[in-house]
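Numbering (the working numbering), first residue to last: 185 to 524.
Ideal Cβ positions, reconstructed from N, Cα and C, are used throughout, including at glycine.
Predicted model only: the values in this text are computed from it and were never measured.
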């Protein structure tokens, strides 16, 4: 998630963020350091068109996804939630593009490099950083914080976006289109599963299983598949926007459309029901309602997981318990739940 800082820099529109616009491609080796990632699962502007990625580490240490020199750190206020702190942190890094393994596509590389905008990590923690520090990919930046910008069901994570150096890095909007150079395997799901974890506002199912579950070694990423086989990302449909991470779609393009390009619209379906419309890799969710048994759902929290998958149901005041067998259903509605 991103912070709603005052003021906005222009966000690339679908018509201007295509093959002639700059896009940043994060290497797969970097993303493999994290247990899951999402480009779209957030209500904040940077995620609407995949201009930021949320990276979920194995522990609560916020490990750096880039190499470079820390430019600045800043503490910002955030909503006061009973389950979270009322402040968050911004870490700016002048990126060493070569050492970070980053590729820049769809335009000329900025002569002055890139600035990484990293959120939700406390640089004042004992393992934190300060301006002038050099960091490598995988180095600790500090401890992750339970930010008031998070929904209660959202796990701690590192938010990453990129700016050209001449753009204001303190504002919420204005990040460059971002792609992840990692294979994401779409996994078919029939909507059923057994509850294996619950929280105040969520339940996790044992299905669909990760295709590499139980195997040894480093697993590839996997995500729940739409009916046409594309892997889905985002908050369906409690956030307005989502995306496609299908195979090569998580890299520079989906079906020939570069990250951020509009492409021709096409329907996206799940469990036999149309749930949105895709323009390239970007999806606008439709007006649908989700339920599991007699329990209405806020939505599905969709992501790419490295060694675990399992549908994550978002539900307020739910009665789910570990061991419950459920079936998720989708139907059209005139009154969809929207949290953004």
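In angstroms, rounded to a whole number, what distance separates the CA positions of residue 225 and residue 269? 21 Å
Just mark residue 369 as buried or exposed, buried being the case when its beta carbon has 16 or more other beta carbons within 10 Å. buried
For residue 339, I'd like the list of residues in its chain whose CB is within less than 7 Å of its CB, leaving aside the five on either flank, ordered along the chain. 240
Compare the Cα-Cα distances from residue 393 to each of 345, 385, 407 and report the closest residue. 407
Measuring only the C-alpha atoms, how far is residue 346 from residue 303? 12 Å
Backbone secondary structure at residue 473 - three-state DSSP: strand
To the nearest angstrom, report how far apart residue 380 and residue 386 are at their CA atoms. 11 Å
Is it the case that the segment 262 to 277 contacts the segment 228 to 235, given that we only count it when at least three CB pairs across the two stretches are under 8 Å? no
From the DSSP output, in three-state form, read off residue 451 for me. strand
Reference residue 510; option with closest CA among 474, 216, 460: 474
Classify residue 518 as helix, strand or coil using the three-state DSSP reduction. coil
Look up residue 376 in the DSSP assignment and give the residues it is bridged to. 511
Run through DSSP, which three-state label would residue 434 get? Low confidence applies to residue 434: its pLDDT is 42, below 50, so where it sits in the model is not reliable enough to give any reading.
How would you label residue 515, buried or exposed, when you count the other beta carbons within 10 angstroms and need 16 or more for buried? exposed
I want to know whether the segment 320 to 340 touches the segment 241 to 260 - three or more CB-CB distances under 8 Å. yes
Could you compute how far the alpha carbon of residue 311 sits from the alpha carbon of residue 342? 15 Å
Counting along the chain, where does the alpha helix (DSSP H) carrying residue 283 start and finish? 281 to 284
Spatial neighbours of residue 230 within its chain, please: CB distance less than 6 Å, with the 5 preceding and 5 following residues excluded, ordered by chain position. 186, 236, 345, 359
Of the choices 227, 285, 275, whose alpha-carbon is the least far from that of residue 210? 285
Going by C-alpha to C-alpha distance, which of 423, 494, 488, 448 sits closest to residue 472? 423
Based on the DSSP output, what are the partners of residue 240 in its beta bridges? 220
Considering only their Cβ atoms, is the gap separating residue 257 from residue 314 smaller than 8 Å? yes
Mind checking which residues open and close the beta strand (DSSP E) that includes residue 253? 252 to 261
Rounded to the nearest angstrom, what separates residue 462 and residue 470 at their Cα positions? 10 Å
Taking only heavy atoms of the ligand HEM into account, decide whether any of them is closer than 7 Å to the Cβ of residue 298. Because no ligand of any kind appears in the structure shown, any question about the ligand HEM cannot be addressed here.
With which residues is residue 382 paired in a DSSP beta bridge? 387
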